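S.K.: Take the sequence shown: its position 40, counting from 1, is numbered 34 in the working numbering, and each next residue is one higher.
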Amino acid sequence: GVKRQNDFPCLYADTIDNYNYYSSTTNPLMDWYDIDDPTQEDFGMIPLEVMAYGLPVIALGKGGALETVIENKIKRHKSSGVFFHKKSIKSLVSAINEFEDVIDKFDSRWIINHARKFGEDIFMDKFSKEVERIMKLGKI
């Protein structure tokens, strides 16, 4: 499962080789997601990179994060993070508090499987099938 280290909103999983990379900063939220303007990232790659290790994220509920992060308040075990909805300290602190309250409910395996849906091989397979479908329709 997901564990907390030193009562700080920095997460780790025992088996993650790259834990040191993600925890090497004094403020991992700043590294994991650009709080200054995450809306510039139109896909949500940064949260995906973190979720690929089974770690839930805290993300601004705008831009690319809406494509890749799932916040399921009813079934947290089928959730990959928590959103904050305003670019303000109050909103972020509220999200961090919520995150800490539910941290034990996240399922690392589910988060990894969710992130896997965005893998390059899966994208290429879907893309190829769509091209084949369009070609059959005679639109190419």
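Glycine included, each C-beta is placed from N, C-alpha and C at the ideal position.
The structure presented is a predicted model; accordingly, all values stated were derived computationally and were not measured.
Helix, strand or coil for Ala46? Go by DSSP, reduced to three states.
M.R.: Three-state result, Ala46: coil.
S.K.: Compute the beta-carbon to beta-carbon distance between Glu61 and Phe37, rounded to the nearest angstrom, for a pair I have assumed lies under 8 Å.
M.R.: Indeed they touch by this definition, with Cβ atoms about 6 Å apart.
S.K.: When burial is assigned at 16 or more other CB atoms within 10 Å of the CB, is Phe100 buried or exposed?
M.R.: buried
S.K.: Please report the distance separating the alpha-carbon of Phe112 from that of Glu94.
M.R.: 27 Å
S.K.: Out of curiosity, what's the CA-to-CA distance linking Met129 and Ile90?
M.R.: 48 Å
S.K.: Since Phe144 is in the beta strand (DSSP E), which residue starts that stretch and which ends it?
M.R.: Residue coverage of the chain in this structure runs from -5 to 134, which leaves residue 144 outside it and unanswerable.
S.K.: Along the beta strand (DSSP E) that carries Leu54, what are the first and last residues, could you check?
M.R.: Val51 to Leu54
S.K.: Around the C-beta of Glu135, are 16 or more other C-beta atoms found within 10 angstroms, so that it is buried, or is it exposed?
M.R.: Because the chain spans -5 through 134 in this model, residue 135 falls outside it and cannot be assessed.
S.K.: Can you tell me the Cα-Cα spacing of Ile106 and Gly132, whole angstroms?
M.R.: 38 Å
S.K.: Restricting to Cα atoms, I'd like to know which of Ile52, Asn66 and Pro41 is closest to Gly58.
M.R.: Pro41
S.K.: What's the call for Val51, buried or exposed, on a 16-neighbour Cβ count within 10 Å?
M.R.: Counting the other CB atoms within 10 Å of its CB gives Val51 a total of 16 or more, which places it among the buried residues.
S.K.: With the cut-off set at 8 Å, would you say Met45 and Ala109 are in Cβ contact?
M.R.: yes
S.K.: On the CB-based measure, 16 or more other CB atoms within 10 Å of its CB, does Glu124 come out buried or exposed?
M.R.: exposed
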